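Trainee:
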Amino acid sequence: MKQPESAASRPRDVYFFATCVVDQFFPGAGMDAITLLEREGIRVHFPEEQTCCGQPAYTSGFPDEARKVAAHQLTLFPNDWPVVVPSGSCAGMMKHHYPTLFAADPVRKAQAEALSARIYELTDFLVNVLNFQPEDKGSDCTVVLHTSCSARREMGVHLTGRKLLGGLGKVTVAQQDHESECCGFGGTFSVKQPEISGAMVEDKVKALKATGAERVVSADCGCLMNILGHAAWKDKQAGLTKPSLPGEHIASFLLRRTSK
Amino acid sequence: MSARDRILAKLNAAPVLPKAAPEIADWYAAHRSAETTAEKSARFRGCIEFAHAEVYAVSNASWPQKLWEVLSAKQLEKLLVAPGTTHGQRAIDVLSESGIACRGYEQKIEDWKEEMFHDIPASLTIARSAIAETGTLVLWPDAHEPRLMSLVPPVHIVLLDASNIHNTFYEAMTAEGWADGLPTNALLISGPSKTADIQVTLAYGAHGPKELIVLLIGDEA
Amino acid sequence: MSEHAMNFMPSEGFRARAKDVVENPFLRQSFRGAMDFLINKRITQFPNADELETLRTLGEQIRQYNLGKLPSLLVQLEESLTRNGIKVHWAETPDEANAIILGICQKHSAKLMVKGKSMVSEEIELNHACAAVGIEAMESDMGEYIVQLAGEKPSHIIMPAIHKTKEEIARLFHEKVEGVDYTDNVDELIQIGRKVLREKFLVADIGLSGVNFAVAETGTLCLVENEGNGRLSTTAPPVHIAITGIEKIVEKLDHVPPLLSLLTRSATGQNISTYFNMISGPRKADEKDGPTEVHLVLLDNGRTQAYADEQLRKTLQCIRCGACMNHCPVYTRIGGHAYGTTYPGPIGKIISPHMLGLEATATMATASSLCGACGEVCPVKIPIPDLLMRLREESFSAPHANPAMVGQGAGYSGLMTSVWKGWAAVYRSPALYGMVTWLGSRFSWLMPSKQGPWTSVRVPLKPAPKRLRDMLKERQ
């Protein structure tokens, strides 16, 4: 049963930082996340000028370029509202790496630290701030959850996705082999070391399919791009027209299950 | 400039980043509670048996008898002992009447290395103390009971007084004041020699003793 | 194991060697099985998350404290060891270390050296140096012995022969050890090794070992092992030579128990190793055994370079447990040999550049998805992913004066730098971002069906027809 939260601990407004991947490749997931938040009675603000957290350059060894892009995002969230990010790795970048990135610039470092404290990964925000527990309106189904490495190890929010799915009465969450292992995406790693990345995603897709779950859900679109991209490639090789491993962002799944 | 001076010069040119001394005593105090002798004895035994050692509860009076039983059961006809020690002497006294030969470690190893490696099936040494949480024997070999006794013979038998069991390695070294002076060789032994180097399959008797037998001297037995 | 031979430029053949393993289902399965085994063994040793976390913090503090005092501790260690009768030598390079060791061997007219497990001796390629002057250097750790018989190198720092099956080892023993019939019974194989090596311990002139911890206050060299070969190597021959990197030092004896506990539990999931051997001097006049001479060689080989930089210094916290490789999804896929360096896996990626230069090793820093599994299990909390990012930066940035590392800028490419500069120009500007992504969404059908390495195992990426910002606008 839903527990009423006191108005004080429940923010009226949040910023939504969509991430460049969601904006360009998974806009539906972004819309669904925003709808979910709004349905909880929250005003969602989408700063038009947002682009990317800067992580691609940062992890590739180009911190100067990352800093330029990150510096732009620093200015986008003037009010003291939470910033909700539908991706563990981008949230991790903003929460944990921005202060380091601006270590040599006292003004921006202070901004980065202030912003860092307001960054929430979406599932963490739903569970730990909103106590999100709506009724499951779907029929029986089994899904498998993939949690990104950043969500798991950097943000420490690997339990929240599971908790959200666990709150859906008719959803069974299957347990895949080597659950905590990386899917092999790793940004530019996937193109710099395609053989190793390919082996990792191959094993990940096999493990997810072996559960027999009807779909994979994840709170990170980078992982989904990799996992679903490989699953579709395999299907194409095998001449399948129907996806053998469909998947979507956890926000889309949650919204569908809890809407009439 | 010597290699030493060059290395030290490079290190000394590096930024000085002093760090606070680690609070080791505090960690052990917070995470390892004190235990009674009986508790420590039971934990020691459980751990070292898990590591494939054999443990027999004995008394100070009865251990020579148990020693004989163990050697007889394993059909070991010769035992390497340290004649300069009380326990070594007691073993010699008891076993000499029972057909088990006692070989004393009396010469420098160079004078009998072949025999040590090829003709000594078992040895008896004493443990200075032990560690409960890891099932570990502490040996300080000395002039009377040298290092190789606990290493080369395929069967190693160890006498341990249960009242000398510490909770942790940290407790053993601090309570016994090791930092004030260590022997040329101090040893922690926690089971018979083993390896998992072939396909992570555990095998005993890699290079050291194949069997480790502890005669645990306590009140009962 | 591979036609892509190892060479002095580990970076060069890396992708090809990795591909060989990735495409070999049998090797893939055997590495996966072995790593799963070690991962599960470790888990059983840390049932209490709080104990693990506070102990890791303590381990990190101990290592950082001692590194903070490294120069004075080395001097203190030298004094204590000298007082105890152990002769201390210093070597800046592998060549210097080999020359010192061979000098001691030649003084004793040594013909046979038995070796306990020592990764530093692998690092300096001591076996080659011995062979060149006619000294037989015999590995005695079972895994190292197997690898040496096969003419290979260790593929894991704790489990050197983890890439080999018992059947392969059975054939190897049958072919290479005189009078041995084929058996793939592991106990029998180990007893064959024991028998061969016991005869070597009996007659060896020199015993060589590594060091896990060198204690400055007492002048003690500590060795961790299970087999007893380390003890035999350091006790049976008349001369013992230990070799270690300069970073393996602790000031106080009581720094040892927490590190030992972290080491064995993280490495092989044992609460303690079978043997912990603490050597504080050669045989005394009244003692009947033990070596009459003990030497310690302190090796730099690039460690001072890591030490000079606050962030890179953390590399030296390592206690060589190998947990990072056991948990690494990349190591699990490609095994140790693909790296081409003495130290494979995550620790190899961050320590090797200091030993071999970035030019020879930079590619390896890119071979990580930065998943963080290594940093998560590291018993002394080395921030391995951060260090990998730093190495990427050192490699790809334009060469500049006073670099922190030899080979800085080795991976610099004008084109790649321009791509990232262009990327930053777009993503720092909402207007440019808006235009580029709008074009992307409208003309996604123009996206090529082949997108370089991405599409080797995935379908091409295609921007959605409408961006999130477009959908939000339409909604209003």
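Chain order of the listed sequences is A, B and C.
Here the working numbering is used: the first residue of the first sequence is 1, the next is one more, and so on.
Here the working numbering is used: the first residue of the second sequence is 1001, the next is one more, and so on.
Here the working numbering is used: the first residue of the third sequence is 2001, the next is one more, and so on.
Beta carbons: idealized from backbone N, C-alpha and C, even for Gly.
Predicted model only: the values in this text are computed from it and were never measured.
For a contact meaning CB atoms closer than 9 angstroms, what does M225 of chain A contact in chain C?
Mentor: R2458, L2461
Trainee: Per DSSP, what are the beta-bridge partners of W2090 of chain C in this structure?
Mentor: The bridge partners DSSP lists for W2090 of chain C are C:L2298.
Trainee: Rounded to whole angstroms, how far is the Cβ of I2319 of chain C from the Cβ of P1022 of chain B, which I believe are closer than 8 angstroms?
Mentor: With a Cβ gap of about 14 angstroms, I2319 of chain C and P1022 of chain B do not count as contacting.
Trainee: Residues bridged to Y2331 of chain C by DSSP?
Mentor: Note: Y2331 of chain C sits in no beta bridge, so no partner.
Trainee: Taking all protein chains shown into account, do 16 or more other C-beta atoms lie within 10 angstroms of the C-beta of G1177 of chain B, making it buried, or fewer, making it exposed?
Mentor: exposed
Trainee: Find out if the Cβ-Cβ distance for the pair A151 of chain A, E179 of chain A is shorter than 8 angstroms.
Mentor: For the pair A151 of chain A and E179 of chain A, the CB atoms are not nearer than the 8 angstroms cut-off.
Trainee: Distance cutoff 8 angstroms, beta carbons only. Does M1173 of chain B sit that close to anything in chain C?
Mentor: yes
Trainee: Determine the extent of the beta strand (DSSP E) in which I1126 of chain B is found, giving its start and end residues.
Mentor: 1122-1126
Trainee: Could you compute how far the alpha carbon of M1 of chain A sits from the alpha carbon of G167 of chain A?
Mentor: For M1 of chain A, the predicted structure reports a pLDDT of 35, less than 50, and the residue's modelled location is therefore unreliable. A value from the coordinates is still provided. Distance between the alpha carbons of M1 of chain A and G167 of chain A: 10 angstroms.
Trainee: Might you give, ordered along the chain, the residues of its own chain that have their beta carbon closer than 7 angstroms to the beta carbon of P979 of chain B, omitting 5 neighbours on each side?
Mentor: No statement about residue 979 of chain B is possible, as the shown extent of chain B runs from 1001 to 1221 and does not include it.
Trainee: Relative to the C-alpha of G1962 of chain C, which residue among C:A2132, C:C2324, C:M2405 is closest?
Mentor: Absent from the structure is residue 1962 of chain C, since the part of chain C shown begins at 2001 and ends at 2476.
Trainee: Mapping the DSSP letters down to three states, classify V83 of chain A as helix, strand or coil.
Mentor: strand
Trainee: Would a check of beta-carbon distances place V191 of chain A closer than 8 angstroms to chain C?
Mentor: yes
Trainee: Less than 6 angstroms between C-beta atoms, sequence neighbours within five positions excluded: which residues of the same chain meet that for L2027 of chain C?
Mentor: V2021
Trainee: Kindly indicate if chain C contains any beta-carbon less than 8 angstroms away from that of C221 of chain A.
Mentor: No, its Cβ sits nowhere closer than 8 angstroms to a Cβ of chain C.
Trainee: Is the separation between the beta-carbon of D2490 of chain C and that of N2229 of chain C shorter than 8 angstroms?
Mentor: Coverage of chain C is limited to positions 2001 through 2476, which leaves residue 2490 of chain C absent and any answer about it impossible.
Trainee: Suppose you measure from the CA of V1152 of chain B to the CA of T1085 of chain B; what does that come to, to the nearest Å?
Mentor: Distance between the alpha carbons of V1152 of chain B and T1085 of chain B: 20 angstroms.
Trainee: Answer yes or no: do V85 of chain A and T19 of chain A have a C-beta to C-beta separation smaller than 8 angstroms?
Mentor: yes
Trainee: Among C:V2088, C:A2110, C:G2143, C:F2276, which has the Cα closest to the Cα of A2137 of chain C?
Mentor: C:A2110
Trainee: Express the C-alpha separation of L2299 of chain C and I2146 of chain C in angstroms, rounding to a whole number.
Mentor: 27 angstroms
Trainee: Please report the distance separating the alpha-carbon of A1030 of chain B from that of L1188 of chain B.
Mentor: In this structure, the alpha-carbon of A1030 of chain B lies about 24 angstroms from that of L1188 of chain B.
Trainee: Thinking just about the alpha-carbon of each residue, which of C:Y2433, C:K2117, C:M2435, C:M2416 is nearest to the one in I2241 of chain C?
Mentor: C:K2117
Trainee: Under a Cβ-count criterion, where at least 16 other Cβ atoms within 10 Å of its own Cβ denotes burial, should L240 of chain A be classed as buried or exposed?
Mentor: exposed
Trainee: Which residues in chain A have a C-beta closer than 7 angstroms to the C-beta of V2022 of chain C? List them in chain order.
Mentor: E195, I196, A199
Trainee: Could you give the first and the last residue of the continuous beta strand (DSSP E) run that contains D2050 of chain C?
Mentor: Annotation: D2050 of chain C is outside any beta strand (DSSP E); the continuous alpha helix (DSSP H) that includes it extends over 2049-2068.
Trainee: Is any beta-carbon of chain C found at less than 8 angstroms from that of D1093 of chain B?
Mentor: Output row for D1093 of chain B: interface = no.
Trainee: Using the beta-carbon of each residue, which ones in chain A are nearer than 7 angstroms to V2330 of chain C?
Mentor: I196
Trainee: Please state the DSSP three-state secondary structure of V1152 of chain B.
Mentor: coil
Trainee: DSSP state of H96 of chain A, grouped into three classes?
Mentor: helix
Trainee: Reducing DSSP to helix, strand and coil, say where D32 of chain A ends up.
Mentor: helix
Trainee: Taking only beta-carbon atoms, is D248 of chain A less than 8 angstroms away from chain C?
Mentor: The identity of residue 248 of chain A in the sequence shown is Glu, whereas the question assumes Asp. False, the Cβ-Cβ gap to chain C never drops below 8 angstroms.
Trainee: Taking G2207 of chain C as part of the beta strand (DSSP E), name the residues at either end of that continuous run.
Mentor: 2206-2209
Trainee: Locate the alpha helix (DSSP H) running through R2442 of chain C, then write down its first and last residues.
Mentor: Counting along the chain, the alpha helix (DSSP H) containing R2442 of chain C begins and ends at 2430-2442.
Trainee: So with CB distances below 8 angstroms, who are the chain C contacts of T75 of chain A?
Mentor: The premise fails here: T75 of chain A is roughly 11 angstroms from chain C at the closest Cβ pair, so nothing lies under 8 angstroms.
Trainee: Look up M2278 of chain C in the DSSP assignment and say whether it is helix, strand or coil.
Mentor: strand
Trainee: Within the continuous beta strand (DSSP E) that includes G2414 of chain C, where are the two ends?
Mentor: Where G2414 of chain C is concerned, there is no enclosing beta strand (DSSP E), although the alpha helix (DSSP H) it sits in stretches over 2414-2427.
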